[in-house]
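K.L.:
Structure below; questions to follow.
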Amino acid sequence: MQIFLNIVSAALAAIFIQNIILERALGANVLLYASRKKEHVIGFAAAITYTTTVASPVIWIFDTLLGKNEYYGFIMPLLYVFTIALIYIGTLVVIWRFFPSFFKTLRKYVHLSVFNCSVIGALFLCSQQGNDIFAYIGYGFGTGIGFLVAAYLLYAASERLNSKLVPAAFRGYPIMIVYVGILSLALYAFTGYSTSAV
Amino acid sequence: MENRLNLKDGLIKQNMIFMSGMLIAPVIACATTLMKSLAVCFVFSFVSLVTILVCRFIPRTIVYTIRVTLYTIAAAVVYIPAALLANLIFGDAIIKAAGVYLPILITNSLILSKTETRFYLEPKGNMAKDIIGFIIGFDIACTITGALREFLASGKIAGAEIPIFFTIPALETTFGGFLFVGIGAGLFRAVYNYRKAHAADEEDEDSLAEYAEDVGEFLVGRHTHGDKEKIRIYKAAVKRAQSENDLLEMEFLSNRDVLAAFEAIVSEGQELTSESKAEDADDEGDETETTGKTGETEGGTENADIS
Numbered sequence: 232m233q234i235f236l237n238i239v240s241a242a243l244a245a246i247f248i249q250n251i252i253l254e255r256a257l258g259a260n261v262l263l264y265a266s267r268k269k270e271h272v273i274g275f276a277a278a279i280t281y282t283t284t285v286a287s288p289v290i291w292i293f294d295t296l297l298g299k300n301e302y303y304g305f306i307m308p309l310l311y312v313f314t315i316a317l318i319y320i321g322t323l324v325v326i327w328r329f330f331p332s333f334f335k336t337l338r339k340y341v342h343l344s345v346f347n348c349s350v351i352g353a354l355f356l357c358s359q360q361g362n363d364i365f366a367y368i369g370y371g372f373g374t375g376i377g378f379l380v381a382a383y384l385l386y387a388a389s390e391r392l393n394s395k396l397v398p399a400a401f402r403g404y405p406i407m408i409v410y411v412g413i414l415s416l417a418l419y420a421f422t423g424y425s426t427s428a429v
Numbered sequence: 015m016e017n018r019l020n021l022k023d024g025l026i027k028q029n030m031i032f033m034s035g036m037l038i039a040p041v042i043a044c045a046t047t048l049m050k051s052l053a054v055c056f057v058f059s060f061v062s063l064v065t066i067l068v069c070r071f072i073p074r075t076i077v078y079t080i081r082v083t084l085y086t087i088a089a090a091v092v093y094i095p096a097a098l099l100a101n102l103i104f105g106d107a108i109i110k111a112a113g114v115y116l117p118i119l120i121t122n123s124l125i126l127s128k129t130e131t132r133f134y135l136e137p138k139g140n141m142a143k144d145i146i147g148f149i150i151g152f153d154i155a156c157t158i159t160g161a162l163r164e165f166l167a168s169g170k171i172a173g174a175e176i177p178i179f180f181t182i183p184a185l186e187t188t189f190g191g192f193l194f195v196g197i198g199a200g201l202f203r204a205v206y207n208y209r210k211a212h213a214a215d216e217e218d219e220d221s222l223a224e225y226a227e228d229v230g231e232f233l234v235g236r237h238t239h240g241d242k243e244k245i246r247i248y249k250a251a252v253k254r255a256q257s258e259n260d261l262l263e264m265e266f267l268s269n270r271d272v273l274a275a276f277e278a279i280v281s282e283g284q285e286l287t288s289e290s291k292a293e294d295a296d297d298e299g300d301e302t303e304t305t306g307k308t309g310e311t312e313g314g315t316e317n318a319d320i321s
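Residue numbers (the numbering used here), protein chains in the order written: chain A, 232 to 429; chain B, 15 to 321.
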C-alpha cells in the first residue's frame, strides 16, 4: 500500500504541481507541434509516458550507484541518453517485427517524441525529486500524463488561437505561447509563487 | 553577399526563439538573468556547433532511426567538455542555478531536425555559415531576453543596479517567461512582416535561389535545371513531402522524405518529357521509314541508352 501511495503521490506532483510544460517549460516546442492534431496529442503523450516510465527505474540504478561521484553531473546526460536510445531502438525493433503497419505510422514522429527536452528533462527531474525507485516510476509516469494534460488544453484552444481574429503577427506560435503562459499562471494557484523581489 | 544571406536566414528569418520556436524551454525557464542566459548560450553554441560538424561524417547509409540516436549520443559526449568549460567560466553557482536546462540542450532541434532537413543537404562551406547564423540568432535573442527580464524583474543587469521606476517581478517565473517570449515573438514577426512588405524581396529570392541551387546540385546533380526550375522543384518537393507525411513544418521532415519527393517530381517530369520525345520520335520514325533511314535512328537510340 505504501508503495502504491508513493507512486500515486509522485505522479500527482508531476501532473499538477511540477507539470513538465506549464511549470518547467520542458518540451514546449514539441507541445506546439503535438497540439495540432488529436492523434498527435495522444501519440506524443503515449511515447513520452512510455519512455519516461520505462527509463526511470534504470536511471534510479545509475543514480544510486554513481550519484556520489564528483563528476556524475557531467556524465549523467550521456547515461540517460544511452538509456533512452536502448529503449527507443528496442521498442522500435519489436514493433517493426510484430506490428509492421503500426511501425509505418509510428516512424513519422517517434524520434521527435522520444528525443526531446521533455523526456530527458523529465528524467533529470526524477533524479532531483525521487527518493526511491517507486517515486522515480511515479514521477516518470506522471510527467507523460502532465504532457498529455498540457497538450490537450492547447489542442482544445488551437482552432481559436489560429483564427483570423488574432492579429497576423501573433497568429500561430506567438499566441500559443502566450496562451500556455496563461495556463501556466493558472497552475500557480496550486503552488503559489515567490520571486526574489517579494 | 553570400555570407550575409546565409547568416540572415538563421539570424532573422528562421530565428530559433522568435520565429520558429525551435528551442524555447531554456529561454522561458532559465534565461531570467543575463549571466544564466550567457551560460545557456555558451553551452548551446559549443554543443550544437561541434556535434553538427562531427555528425556530418556519420554515413548517410545508416538508417535514420540509428542516425538520430548517434547524433544525440554525440551531443551528450560533447556536453561533457562544454559543461566543464562553462563551470570554469561562469562559476558553479550559475551552472547550478541553470539546473536541468543546460543538459537538455543536447536534444535541441538544431541537432535532431535541422541537420536532416537543411544542414546536411548543403555543401560543407555553406553549412558551416548556415549553422553559425542559427547559433548567433539564438544567442542574441537569448541574451537580450535574459538581460531584459533581469532588468524589468529586479532593476539590475548582471547584478549591477540600474535605476528604474517600476519592476515586474513575475518575469522571473515560468509564466512570465512564456508571456515575454510570446509577446516578443509577436512583435518580432510584426516588424519582420512590415519590413518584408515594404522592402523589395530580391535578396530573399537570391538566398532561396542559392539554397535551392545547392540542394538541387546535391540531390539530383545529374539533372540539369535552371535556377528558377530548381526553386520550383524544391518547393514542390517540400510541399509534397509535407502532405505525404502529414506534416506542417518543414523542420520535421527528414532528408529522405524530401529527397524521395524531389526524385519523384524530377522523374515524373522526365517521364513526361520522354513520352513527348517518344511521340516526336514516332512521328520522326514514320517520316524516316518513308525515307528509308530507320537503321540509323535505331542505332543512335541504342548508343544513347548505353552511354
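Yeah, the Cβ is synthetic: ideal placement off N, Cα and C, and Gly gets one too.
For CYS357 of chain A, I'd like the list of residues in its chain whose CB is within less than 7 angstroms of its CB, leaving aside the five on either flank, ordered along the chain.
P.N.:
Contacts found: SER287, ILE290, TYR367, TYR370, GLY371.
K.L.:
Name the chain B residues that come within less than 7 angstroms of CYS357 of chain A, Cβ to Cβ?
P.N.:
In chain order: nothing, as chain B lies at least about 10 angstroms away.
K.L.:
Report buried or exposed for HIS212 of chain B, applying the criterion of at least 16 other Cβ atoms within 10 angstroms of its Cβ.
P.N.:
Its Cβ having fewer than 16 others within 10 Å, HIS212 of chain B is exposed.
K.L.:
What does the alpha-carbon distance come out to for the pair PHE378 of chain A and PHE293 of chain A?
P.N.:
Using only the alpha carbons, I get a separation of about 25 angstroms.
K.L.:
Going along chain A, which residues have a C-beta under 7 angstroms from ARG203 of chain B?
P.N.:
Result: ALA400, PRO405.
K.L.:
Under three-state DSSP, which class holds LYS268 of chain A?
P.N.:
Coil, per DSSP.
K.L.:
If we count the other Cβ atoms within 10 Å of its Cβ and call it buried at 16 or more, is SER168 of chain B buried or exposed?
P.N.:
That one is buried.
K.L.:
Given that ILE318 of chain A touches chain B, what residues does it touch there, using C-beta distances under 8 angstroms?
P.N.:
In chain order: nothing, as chain B lies at least about 11 angstroms away.
K.L.:
Just checking my contact of ALA43 of chain B with THR159 of chain B at CB under 8 angstroms: how many whole Å lie between their CB atoms?
P.N.:
Incorrect: roughly 11 angstroms between the Cβ atoms, too far for contact.
K.L.:
Report yes or no: do three or more beta-carbon pairs, one from the region 196-207 of chain B and one from the region 51-65 of chain B, lie closer than 8 angstroms?
P.N.:
Counting Cβ pairs under 8 angstroms, fewer than three are found: no touch.
K.L.:
Report the rounded CA-to-CA distance for THR374 of chain A versus LEU396 of chain A, giving the unit in angstroms.
P.N.:
Between THR374 of chain A and LEU396 of chain A, the C-alpha separation is close to 34 angstroms.
K.L.:
Can you pull out the residues from the region 83-95 of chain B whose beta carbon lies closer than 7 angstroms to at least one beta carbon of chain A?
P.N.:
From the region 83-95 of chain B, only THR83, THR86, ILE87, ALA90, VAL91, TYR93, ILE94 have a Cβ closer than 7 angstroms to chain A.
K.L.:
So with CB distances below 8 angstroms, who are the chain A contacts of MET36 of chain B?
P.N.:
Simply ASN260.
K.L.:
Given a threshold of 16 other Cβ atoms within 10 Å of its Cβ, counted over all protein chains shown, does ASN122 of chain B qualify as buried or as exposed?
P.N.:
ASN122 of chain B should be labelled buried.
K.L.:
Taking a Cβ distance cut-off of 7 angstroms, strictly less, list which residues of the region 343-355 of chain A are near chain B, in chain order.
P.N.:
So the list reads LEU343, PHE346, ASN347, CYS348, ILE351, GLY352, PHE355, given in the order they occur along the chain.
K.L.:
Compare the Cα-Cα distances from LEU67 of chain B to each of B:GLU130, B:LEU25, B:ALA107 and report the closest residue.
P.N.:
When only C-alpha atoms are compared, the closest one is B:GLU130.
K.L.:
Between ALA39 of chain B and PRO405 of chain A, how many whole angstroms is the CB-CB distance? I'm expecting something under 8 angstroms.
P.N.:
Going by Cβ atoms, the distance from ALA39 of chain B to PRO405 of chain A rounds to 16 angstroms, so no, they are not a contact pair.
K.L.:
Which word fits VAL272 of chain A, buried or exposed, when buried means at least 16 other C-beta atoms lie within 10 angstroms of its C-beta?
P.N.:
That one is buried.
K.L.:
Quick one: which unbroken alpha helix (DSSP H) runs of 4-plus residues sit fully inside the region 310-362 of chain A? Chain order, please.
P.N.:
Counting only runs of 4 or more, we get 331-338, 341-345, 348-360.
K.L.:
Taking a Cβ distance cut-off of 9 angstroms, strictly less, list which residues of the region 299-313 of chain A are near chain B, in chain order.
P.N.:
Of all residues in the region 299-313 of chain A, TYR302, GLY304, PHE305, ILE306, MET307, PRO308, LEU309, LEU310, TYR311, VAL312, PHE313 have a Cβ within less than 9 angstroms of some Cβ in chain B.
K.L.:
Could you tell me the alpha carbon to alpha carbon distance between ILE326 of chain A and LEU263 of chain A, rounded to whole angstroms?
P.N.:
Roughly 27 angstroms separates the two Cα atoms.
K.L.:
Between which two residues does the alpha helix (DSSP H) containing GLY377 of chain A stretch?
P.N.:
364-392 is the extent of the alpha helix (DSSP H) around GLY377 of chain A.
K.L.:
Can you tell which of B:ARG163, B:LEU193, B:GLY196 has its C-alpha closest to the C-alpha of PHE180 of chain B?
P.N.:
Ranking B:ARG163, B:LEU193, B:GLY196 by Cα distance to PHE180 of chain B puts B:ARG163 first.
K.L.:
Compile a chain-ordered list of the residues in the region 117-138 of chain B whose CB is closer than 7 angstroms to at least one CB of chain A.
P.N.:
Those would be PRO117, ILE118, ILE120, THR121, SER123, LEU126, in chain order.
K.L.:
Jot down the residue ranges of each uninterrupted beta strand (DSSP E) in the region 15-103 of chain B, minimum 3 residues, whole runs only, in chain order.
P.N.:
Entirely contained in the region 15-103 of chain B, not one beta strand (DSSP E) run reaches 3 residues.
K.L.:
Check ALA112 of chain B in the structure and name its three-state DSSP category.
P.N.:
Here ALA112 of chain B sits in helix by DSSP.
K.L.:
Please report the straight-line C-alpha distance between ILE234 of chain A and PHE365 of chain A, rounded to a whole angstrom.
P.N.:
Cα-Cα distance, rounded: 7 angstroms.
K.L.:
Assuming VAL411 of chain A and ILE252 of chain A make a contact with CB atoms under 8 angstroms, what is their CB distance in whole Å?
P.N.:
So it is a contact: roughly 7 angstroms between Cβ atoms.
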